[in-house]
Each structure stands twice: as structure tokens, then as C-alpha cells.
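Following: one structure in C-alpha cells, then a few remarks.
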Amino acid sequence: MKTGIMSRVRHFVSGTIAELGKCTWPDRASVFESTLLVLFMIAVLAVFVAAIDFVSQWFIRLITTF
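Count along the sequence shown starting at 1, add 50, and that's the number in the working numbering.
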């Protein structure tokens with residue numbers, strides 16, 4: 051039996067909503083803590099990349115000045 055596109059879309063959306071209801075969502079404090087951790091790690095990586103950049107610039111200038 052062939053069903054219409056709107057019937058299939060409704061079935062998909064209702065199934066998706068049902069599955070999302072089964073999920074365990076984190077609480078506000080957990081999300082905030084994870085966000086702070088991600089921002090901290092981004093800052094650490096930015097400092098690391100900047101340090102590598104400065105050292106490589108210094109090394110290339112040292113090599114090219116001779």
C-alpha cells in the first residue's frame with residue numbers, strides 16, 4: 051500500500067519526538083561545567099599554537115639571516 055509523503059513525514063516526526071523523549075538530557079550545571087572545560091581547552095590550544103608559531107618564526111628568521 052502506497053502512503054502519501056505527508057503521512058510519512060508525520061510518522062517520521064512523531065517517531066523522532068518519541069526518541070528524543072527517551073534521551074537523558076544533562077542538567078544546567080553539567081552543561082555549564084562542560085562549556086567551561088571546552089573554553090579552557092580552546093584557550094590552552096590557542097596558547098600552544100601561538101607558542102609554536104613564535105618559535106618557528108624565530109627559527110626561520112635565525113636561519114635566513116645567515
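Glycine included, every Cβ here is placed at the ideal spot set by N, Cα and C.
Task: Straight-line gap, SER80 to LYS72 (C-alpha atoms, nearest Å) - done: 19 Å
Task: C-alpha distance - ILE55 paired with TRP75, whole-angstrom precision - done: 31 Å
Open item on the list: Tell me the residue span of the alpha helix (DSSP H) that contains PHE82.
Closed with: 78-114
- [ ] Tell me where the alpha helix (DSSP H) around GLY65 begins and ends.
- [x] 55-72
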